[in-house]
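Down below is the structure, laid out as structure tokens.
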Amino acid sequence: MNRGAQSIRPYRSYVYAYPHKTSYRPLPERPALSELWAGERKDALSLYLHIPFCEVRCGFCNLFTRIGAPGELTTRYLDALERQAVAVREALGDTEPVRFAAAAFGGGTPTFLTAGELERLCDIAERRMGADLREVPLSVETSPATATADRLAVLAGRGTTRVSIGVQSFVDAEARAAVRPQRRADVEAALGRIRDTGVPVLNIDLIYGIDGQTETTWRRSLDAALAWHPEELYLYPLYVRPLTGLGRQAGADADTAWDEQRLRLYRQGRDHLLAHGYQQVSMRMFRRGGAGGTAPRGPDDHACQTDGMIGLGCGARSYTSGLHYSFDYAVDMRRIRAIIDDYTEAADFTRAEVGRRIDGGEARRRHLLQSLLQAQGMEVAGYRERFGSAPAEDFPGELAAFAGRGWLEETGGLLRLTPEGLAHSDALGPELFSPAVRHAMAAYEPK
Ligand code: SF4
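The working numbering numbers the first residue of the sequence shown as 21 and each following residue consecutively.
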């Protein structure tokens, strides 16, 4: 069926990992990590440490994080993280070389931790897991209020190569509208402190589609970010309908108006960054021309899709070739608190508790999805080499539909999204989900 692009809503969901965590289920057999990792390549693993704390809850955020951490919770959390690291490192064994090729601290807000706690976090990554943080790319997320000089000094001293800061908007009223009260002066000061550390890659996150945001104010935020010459910029569409303005209107007209606002601002942002010498890496990600390419990147990073991933912390995922696993997942604040408390009390980290098996079909979908959403596209020969078939044989209906909408083209052995295809990444991605994953996601009860 050749549906016109006009009728398709552009913002369905952000596919930064497939399958989504809402398709994970408790694993009744609770497989031992030592068995799961026994046959896996372990010489280029990614390490991810998850810190599920933030100083405020942004209105648009549905990540696994809680506000504030009373009493000794951060200490208890780091204690548990250390116990988990010991158990996981033991499960990886020593019969084959175990090496980490990249590391990242994410959240939440890792810099919610104090400088001393960040030292401990680095120690866990190095001494317990064996990651050589000074030798591999290390990416850390931060926020304006928590990017303090002492914390940044620890991170820079321990080998951080990329700092990613969620600014969202340089316009104070927009920050308030997105339920993240902050003053521009504080944001600029935080950016100055980050640049003072000399960490080579600065990433700034901005959001479009905020209530009251116009081409003029969006341009103001883009220019304020560009003034720092960030090596990377992520432009995110807002996903949670604002509570005022457009959000007060109900029905299809309001949805259409919001979609149009976001598409308009996306195109403006993209064109503005391209005109300033940035390259588009994916719908959201832009990299400054000439800005090195060794640091691990944000959620759109493609490099680790075939590598193993070790996630530590109660919201982190781990990937072997046959299983993606994590702990329980929730977005409701009370449930998140309970899951974090359970995590801090856990004594046994030797088994996978919640996850989803990845069979050959899902591995193909994952490869296609994550490659196609990159601006550089996917090499057909690489896909064939890995899976023994052509993408057009495996996904004839989906690929024909995308081409019919003008979203996809094949040139020089590359399957690549057109500019309109990239603009509609969040509509296109979900169409590649398998029926089983779709079904599991639909059956997931938010908690
Ligand atoms: S700082 Fe980041 S993780 Fe924390 S609530 Fe805001 S968007 Fe979510």
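A virtual CB, placed ideally from N, CA and C, is assigned to each residue, including glycine.
Can you tell me which of the options puts its alpha carbon nearest to the alpha carbon of residue i?
i, options, result
"Arg147", "Leu133, Phe132, Arg119, Ala64", "Arg119"
"Gly335", "Gly310, Gly179, Tyr363, Pro220", "Tyr363"
"Thr134", "Thr95, Ile359, Thr370", "Thr95"
"Arg200", "Ala247, Leu242, Leu258", "Leu258"
"Ile224", "Ala37, Gly212, Tyr403, Leu255", "Leu255"
"Gly342", "Gly59, Val174, Glu49", "Gly59"
"Arg109", "Ser159, Phe73, Pro130, Ala52", "Ala52"
"Arg103", "Met149, Leu93, Thr115, Gly88", "Met149"
"Arg50", "Glu399, Ala412, Ala372", "Ala372"
"Ala244", "Leu211, Ala412, Ala462", "Leu211"
"His296", "Pro250, Val260, Pro48, Thr276", "Pro250"
"Gly449", "Gly433, Ala462, Leu242, Trp427", "Trp427"
"His387", "Arg32, Tyr34, Pro39", "Pro39"
"Ala358", "Thr234, Pro46, Phe84", "Phe84"
"Ala123", "Asp379, Pro117, Cys142", "Cys142"
"Glu116", "Gly417, Ser66, Lys62", "Lys62"
"Thr234", "Ser454, Pro466, Tyr286, Arg86", "Tyr286"
"Ala383", "Asp414, Trp57, Leu242, Ala64", "Asp414"
"Pro90", "Phe132, Ala37, Ala462, Arg140", "Phe132"
"Ala37", "Pro466, Ile378, Gly417", "Ile378"
"Ile28", "Asp446, Phe347, Thr181, Arg182", "Asp446"
"Pro466", "Arg355, Pro48, Thr438, Ala412", "Arg355"
Determine the burial state of residue i: buried for a count of at least 16 other Cβ atoms within 10 Å of its Cβ, exposed for fewer.
i, result
"His459", "exposed"
"Gly333", "buried"
"Thr431", "exposed"
"Met329", "buried"
"Thr236", "exposed"
"Leu294", "exposed"
"Gly179", "buried"
"Ala209", "exposed"
"Pro30", "buried"
"Thr162", "buried"
"Gly177", "exposed"
"Ser33", "exposed"
"Val35", "buried"
"Val457", "buried"
"Thr276", "exposed"
"Pro72", "buried"
"Ile360", "buried"
"Pro164", "buried"
"Pro46", "exposed"
"Asp170", "exposed"
"Arg308", "buried"
"Asp206", "exposed"
"Thr314", "Only weak support exists for where Thr314 lies, its pLDDT of 48 falling under 50; the coordinates are left without a value."
"Ala111", "buried"
"Ala468", "Any property of residue 468 remains undetermined from this structure, which presents the chain solely from 21 to 467."
"Pro130", "buried"
"Gly289", "buried"
"Arg182", "buried"
Kindly give me the distance between the Cβ atoms of residue i and residue j, rounded to whole angstroms, as I take these residues to be in contact under 8 angstroms.
i, j, result
"Met303", "Leu393", "7 angstroms"
"Tyr68", "Gly381", "26 angstroms between Cβ atoms; not a contact."
"Thr42", "Tyr464", "4 angstroms"
"Leu226", "Gln188", "6 angstroms"
"Phe306", "Leu389", "Not quite, the Cβ-Cβ distance comes to about 21 angstroms (not below 8 angstroms), so this is no contact."
"Phe125", "Val174", "Actually they do not touch by this definition, with Cβ atoms about 11 angstroms apart."
"Ile214", "Ala167", "6 angstroms"
"Cys78", "Gly128", "The Cβ separation is near 11 angstroms, so there is no contact."
"Gly232", "Ala197", "6 angstroms"
"Glu452", "Arg376", "The question names Glu, but residue 452 is Leu in the sequence shown. Not quite, the Cβ-Cβ distance comes to about 16 angstroms (not below 8 angstroms), so this is no contact."
"Ser54", "Gly113", "7 angstroms"
"Ala121", "Ser66", "7 angstroms"
"Asn82", "Val351", "5 angstroms"
"Tyr44", "Tyr339", "Wrong, their Cβ atoms sit about 12 angstroms apart, outside the cutoff."
"His292", "Arg239", "7 angstroms"
"Arg86", "Met461", "Not confirmed; about 24 angstroms, so no contact."
Is residue i close to chain C, meaning its C-beta is less than 8 angstroms from at least one C-beta of that chain?
i, result
"Ser163", "You won't find chain C in this structure, because it holds only one protein chain."
Would you be able to state if there are at least three C-beta pairs under 8 angstroms between the segment 422 to 431 and the segment 271 to 284? In short, these stretches do not touch, since the Cβ pair count stays below three.
Touch check for the segment 395 to 411 and the segment 367 to 374: three-plus C-beta pairs under 8 angstroms? They do not touch, by the three-pair rule.
Decide yes or no for the touch test of the segment 143 to 158 against the segment 186 to 198: beta carbon pairs closer than 8 angstroms, at least 3 of them. no
Please enumerate, following chain order, all residues with a beta carbon closer than 6 angstroms to at least one heavy atom belonging to ligand 1. Cys74, Arg77, Cys78, Cys81, Leu83, Thr85, Gly127, Gly128, Thr129, Ser163, Gly186
Indicate whether the contact test is met: 3 or more Cβ pairs, each with one atom in the segment 403 to 413 and one in the segment 438 to 454, closer than 8 angstroms. no
Quick check: the segment 219 to 236 against the segment 95 to 110, are there 3 or more CB pairs under 8 angstroms? no
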